[in-house]
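Visitor: Residue numbers (the numbering used here): 35 to 314.
Think of the CB as a built atom: it goes at the ideal place given N, C-alpha and C, for glycine as much as any other residue.
Since the structure is predicted, the reported quantities are computational estimates derived from the model, not experimental observations.
Would you mind keeping the following structure in view while I ask a few things?
Shown next, in the form of structure tokens:
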């Protein structure tokens, strides 16, 4: 799966900077222990990746969340932890389109921080804050209804008992209701934020993939982005990314142009010319 990001640079950033974070990793990194030590083969990989980061010489790492955390396998059972070393640069992300809660945002460039499970991580927190995951597609509920459940149940379906519960355990298969809806919040989660309704947006049930056709959706995500930007800048972040997109460069263009049009004069954003591509 490919991810495209448009980097929007707050006025605090130095105009001459051309950051390039190089090749990075996500998911479990075998060969790193709880104390930040590595096997010889893992250190060789780390050393090879470090040189691709022309910005600060560390290995970029990202996990769709604010900090490293425990991981789960295909059945949903815990199978490890995202241990990193001092050679890593962690890039935090606000997965949804709501306002990023300041209490979860670690200070930018902090070396050594408590991760999502309270484990001390020796990595450095990046000074780029990533945006929402895949708002440009509807996606699917993951696990036993992957590809079949394409929207969450409505409140009416829940009330009528017509809302099959999806499980993150992909070793079996199950079916959503006849509308392709399921309970994706009790025991599973969606591939991206485009799957979900947006609070306060009434023009469409799943508004994000077609957000720029709906003024109430545009108003919602732009208002939340502005507050998220303020929270991130207050913690020292210099770079803010547009959402991580699955397929639509048009969605990216509309988002960046919308930020410039609505808030450029307030946030003193420079012209967003940088793009990067992250591959899973």
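Fully enclosed by the region 171-198, which alpha helix (DSSP H) runs are 4 residues long or longer?
Guide: You should have 189-193.
Visitor: Can you check which of these residues, 198, 236, 254 and 239, is closest to residue 222 by C-alpha distance?
Guide: For this step, residue 222 is matched to residue 188 along the chain shown. Nearest C-alpha to residue 222: 198.
Visitor: Which word fits residue 154, buried or exposed, when buried means at least 16 other C-beta atoms lie within 10 angstroms of its C-beta?
Guide: In the chain shown, the residue the question calls residue 154 occupies position 120. By the 10 Å Cβ count, residue 154 comes out exposed.
Visitor: Skipping 5 residues on each side, what residues in its chain have a beta carbon closer than 7 Å to that of residue 295?
Guide: For this step, residue 295 is matched to residue 261 along the chain shown. No residues qualify anywhere along the chain.
Visitor: Should the region 193-212 be called in touch with the region 134-143, which here means at least 3 C-beta pairs below 8 Å?
Guide: Judged by Cβ distances under 8 Å, the region 193-212 makes no contact with the region 134-143, as fewer than three pairs qualify.
Visitor: Since residue 148 sits in a beta bridge, which residues does DSSP pair it with?
Guide: Walking along the chain shown from the start, residue 148 turns up at place 114. Answer is 154, bridged to residue 148.
Visitor: Give me, in chain order, the residues of the same chain whose beta-carbon lies closer than 6 Å to that of residue 169; leave out the 5 immediate sequence neighbours on both sides.
Guide: Taking the first residue of the chain shown as position 1, residue 169 is located at position 135. Contacts found: 227, 228, 242 and 277.
Visitor: Would you check if there are 3 or more beta carbon pairs closer than 8 Å linking the region 232-251 to the region 87-99?
Guide: No, the region 232-251 is not in contact with the region 87-99.
Visitor: Using the Cα positions of residue 84 and residue 187, report the straight-line distance between them to the nearest angstrom.
Guide: Residue numbering aside, residue 84 sits at position 50 when the chain shown is read from its first letter. Residue numbering aside, residue 187 sits at position 153 when the chain shown is read from its first letter. Approximately 45 Å between the Cα atoms of the pair.
Visitor: Which residue comes first and which comes last in the alpha helix (DSSP H) that contains residue 83?
Guide: The count along the chain shown starts at 1 and reaches residue 83 at position 49. Element bounds for residue 83: 74-84.
Visitor: Run through DSSP, which three-state label would residue 113 get?
Guide: As a first step, residue 113 must be located in the chain shown, where it is residue number 79. Here residue 113 sits in strand by DSSP.
Visitor: What does the alpha-carbon distance come out to for the pair residue 66 and residue 107?
Guide: Here the question's residue 66 lines up with position 32 in the chain shown. Here the question's residue 107 lines up with position 73 in the chain shown. Using only the alpha carbons, I get a separation of about 18 Å.
Visitor: Suppose you measure from the CA of residue 218 to the CA of residue 99; what does that come to, to the nearest Å?
Guide: Residue mapping note: residue 218 aligns to position 184 of the chain shown, counting from 1. Residue mapping note: residue 99 aligns to position 65 of the chain shown, counting from 1. Distance between the alpha carbons of residue 218 and residue 99: 19 Å.
Visitor: What is the residue span of the beta strand (DSSP E) that residue 16 lies within?
Guide: Any property of residue 16 remains undetermined from this structure, which presents the chain solely from 35 to 314.
Visitor: Less than 8 Å between the CB atoms is what I'm expecting for residue 157 and residue 120, so what's the real figure, rounded?
Guide: Walking along the chain shown from the start, residue 157 turns up at place 123. Walking along the chain shown from the start, residue 120 turns up at place 86. That pair is a contact at about 7 Å.
Visitor: Would you mind sorting residue 75 into buried or exposed? The rule is 16 or more other CB atoms within 10 Å of its CB.
Guide: For the purposes of this step, residue 75 is identified with residue 41 of the chain shown, where counting begins at 1. Exposed is the call here.
Visitor: Kindly list the residues whose CB is nearer than 8 Å to the CB of residue 70, restricted to its own chain and excluding five residues on each side of it in sequence; keep chain order.
Guide: Stepping through the chain shown from its first residue, residue 70 is reached at position 36. Closer than 8 Å at the Cβ level, and outside the excluded window around residue 70, lie 117, 118, 119, 120 and 156.
Visitor: Mapping the DSSP letters down to three states, classify residue 159 as helix, strand or coil.
Guide: Numbered from 1 along the chain shown, position 125 holds the residue referred to as residue 159. Here residue 159 sits in strand by DSSP.
Visitor: Since residue 214 contacts residue 252 with CB under 8 Å, what's their CB separation in whole angstroms?
Guide: By 1-based counting over the chain shown, the position of residue 214 is 180. By 1-based counting over the chain shown, the position of residue 252 is 218. Contact flag wrong, Cβ pair sits at about 26 Å.
Visitor: Residue 235 lies in the beta strand (DSSP E); which residues open and close that run?
Guide: Counted from its first residue, the chain shown places residue 235 at position 201. Looking at the DSSP string, residue 235 is not in any beta strand (DSSP E), and its letter there is neither H nor E.
Visitor: For residue 178, which option in 161, 193 and 208 has the closest C-alpha, if you only look at C-alpha atoms?
Guide: As a first step, residue 178 is located in the chain shown; it is residue number 144 there, counting from the start. The option with the nearest alpha carbon to residue 178 is 208.
Visitor: When the Cα atoms are used, what is the spatial distance from residue 133 to residue 274?
Guide: Counting from one through the chain shown, the residue named residue 133 turns up at place 99. Counting from one through the chain shown, the residue named residue 274 turns up at place 240. Straight-line Cα distance between these residues: approximately 14 Å.
Visitor: Between residue 115 and the rest of its own chain, which residues show a CB-CB distance below 6 Å, the 5 nearest in sequence each way excluded?
Guide: The residue labelled residue 115 in the question sits at position 81 within the chain shown. Excluding positions up to five away in sequence, the list reads 104.
Visitor: Output needed for residue 80: all residues of its chain with C-beta closer than 6 Å, excluding positions within five of it in sequence on either side, in chain order.
Guide: Here residue 80 is taken as the residue at index 46 of the chain shown, counted from 1. Contacts found: 93 and 121.
Visitor: In whole angstroms, what separates the C-alpha of residue 258 from that of residue 131?
Guide: Against the chain shown, residue 258 aligns to sequence position 224. Against the chain shown, residue 131 aligns to sequence position 97. Taking the straight line joining both Cα atoms gives about 7 Å.
Visitor: Please list the terminal residues of the continuous alpha helix (DSSP H) segment that includes residue 268.
Guide: Here residue 268 refers to the residue found at position 234 when the chain shown is read from its first residue. Its alpha helix (DSSP H) spans residues 249-268.
Visitor: Look up residue 119 in the DSSP assignment and say whether it is helix, strand or coil.
Guide: The count along the chain shown starts at 1 and reaches residue 119 at position 85. Reduced to three states, the DSSP call for residue 119 is coil.
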